[in-house]
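Residue numbers (our numbering): -16 to 354. Virtual Cβ for every residue (Gly too), placed ideally from N, Cα, C.
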């Protein structure tokens, strides 16, 4: 793998490891193991594209910038149920004042577009984990608009899928095997232990302060041999050349300030490098981290990456930057006008095809022991 420069100052992800072999355990799940059967359990591994410089080659024939009208939302915003909310900065937030991202239509549209982006990263699949066709009980933590749970219900018709979120923004009309509950997942789970086959945790950065506690609850409620998958897109910028350093000063300032403020509030918006270790510490086995490159913009020559980058740029410009920033920055004492001014500079830089930045979608997988 070629070396590359990460503009984030967070803990580095583990290096690539040898290719994994696939075996099947008694629960019907395929598991990844590395080396002989009696070898010591490997450290959490990351599977990423080798030779990034050739895979995300710059398209020097790309047009001059981002066309705001070229990409339209693929999803329709979902209705919200009656609930107590906070209205600030032109957005609606959960009434607990604990969640710093809004739950209004702009955020719902962003979440649905992000769902599409993550499916593109998985070549159309809904999970990085290989699930048996007869999987029975699936628990979706932080279900958001419910789009993942609904599509899982359509795919696994014999399974019961339960999605839980603190905000009631899910649709009423869903497949018969899908249901939603409003609950605070950071509190003790009042559910049957050893009852779940698969627990899906996605887009929960900024909502969880004690990740190990969440993973301990998940471990208790999974059946022996059951699986967990933790998914997020990192809030970092990476670059293989000097273009981010030369053209991304506002982006760098936003990133550094964003993570500094979040850390001061006791939140980690980039926990992914630590998730494999936390899963192992609470008792999960066969822990692996896979990542997929997501370009920011249409600068790559590769057509798939160019399309993926176009969607992700739309995600950032049409809601991502503002939704992530407004409540967090103003709680730290920033004037709203100053936040908007910084975001305007960030958007200008993001639309520059001469800045060759990318981030990563990360999928951390683990298994509960059969014993």
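If the criterion is Cβ atoms closer than 7 Å, does the pair residue i and residue j meet it?
| i | j | result |
| --- | --- | --- |
| residue 226 | residue 339 | yes |
| residue 184 | residue 276 | no |
| residue 353 | residue 207 | yes |
| residue 121 | residue 142 | yes |
| residue 265 | residue 341 | no |
| residue 156 | residue 204 | no |
| residue 149 | residue 135 | no |
| residue 270 | residue 256 | no |
| residue 330 | residue 249 | no |
Kindly give me the distance between the Cβ atoms of residue i and residue j, rounded to whole angstroms, as I take these residues to be in contact under 8 Å.
| i | j | result |
| --- | --- | --- |
| residue 209 | residue 179 | 6 Å |
| residue 238 | residue 220 | 6 Å |
| residue 348 | residue 212 | 5 Å |
Quick one: Cα of residue i to Cα of residue j, how far?
| i | j | result |
| --- | --- | --- |
| residue 89 | residue 303 | 9 Å |
| residue 160 | residue 290 | 33 Å |
| residue 228 | residue 328 | 15 Å |
| residue 280 | residue 332 | 10 Å |
| residue 129 | residue 109 | 13 Å |
| residue 98 | residue 131 | 7 Å |
| residue 242 | residue 251 | 7 Å |
| residue 91 | residue 163 | 16 Å |
| residue 344 | residue 296 | 14 Å |
| residue 286 | residue 222 | 19 Å |
| residue 202 | residue 230 | 45 Å |
| residue 96 | residue 158 | 21 Å |
| residue 274 | residue 316 | 35 Å |
| residue 146 | residue 194 | 19 Å |
| residue 137 | residue 170 | 30 Å |
| residue 200 | residue 151 | 22 Å |
| residue 127 | residue 306 | 15 Å |
| residue 278 | residue 311 | 25 Å |
| residue 133 | residue 140 | 11 Å |
| residue 234 | residue 322 | 13 Å |
| residue 114 | residue 165 | 26 Å |
| residue 346 | residue 107 | 15 Å |
| residue 41 | residue 301 | 24 Å |
| residue 334 | residue 320 | 21 Å |
| residue 103 | residue 94 | 14 Å |
Per DSSP, what kind of secondary structure is residue i in: helix, strand or coil?
| i | result |
| --- | --- |
| residue 206 | strand |
| residue 334 | coil |
| residue 175 | coil |
| residue 344 | strand |
| residue 274 | strand |
| residue 198 | helix |
| residue 244 | helix |
| residue 163 | strand |
| residue 318 | coil |
| residue 145 | strand |
| residue 218 | coil |
| residue 329 | helix |
Let's test the definition: count the other Cβ atoms within 10 Å of the Cβ of residue i and tell me whether it reaches 16, buried, or not, exposed.
| i | result |
| --- | --- |
| residue 117 | exposed |
| residue 254 | buried |
| residue 283 | buried |
| residue 177 | exposed |
| residue 153 | buried |
| residue 299 | buried |
| residue 21 | Its pLDDT being 36, under 50, residue 21 is placed unreliably by the model, and nothing is read from it. |
| residue 112 | buried |
| residue 175 | exposed |
| residue 309 | buried |
| residue 324 | exposed |
| residue 218 | buried |
| residue 247 | exposed |
| residue 182 | buried |
| residue 244 | buried |
| residue 318 | exposed |
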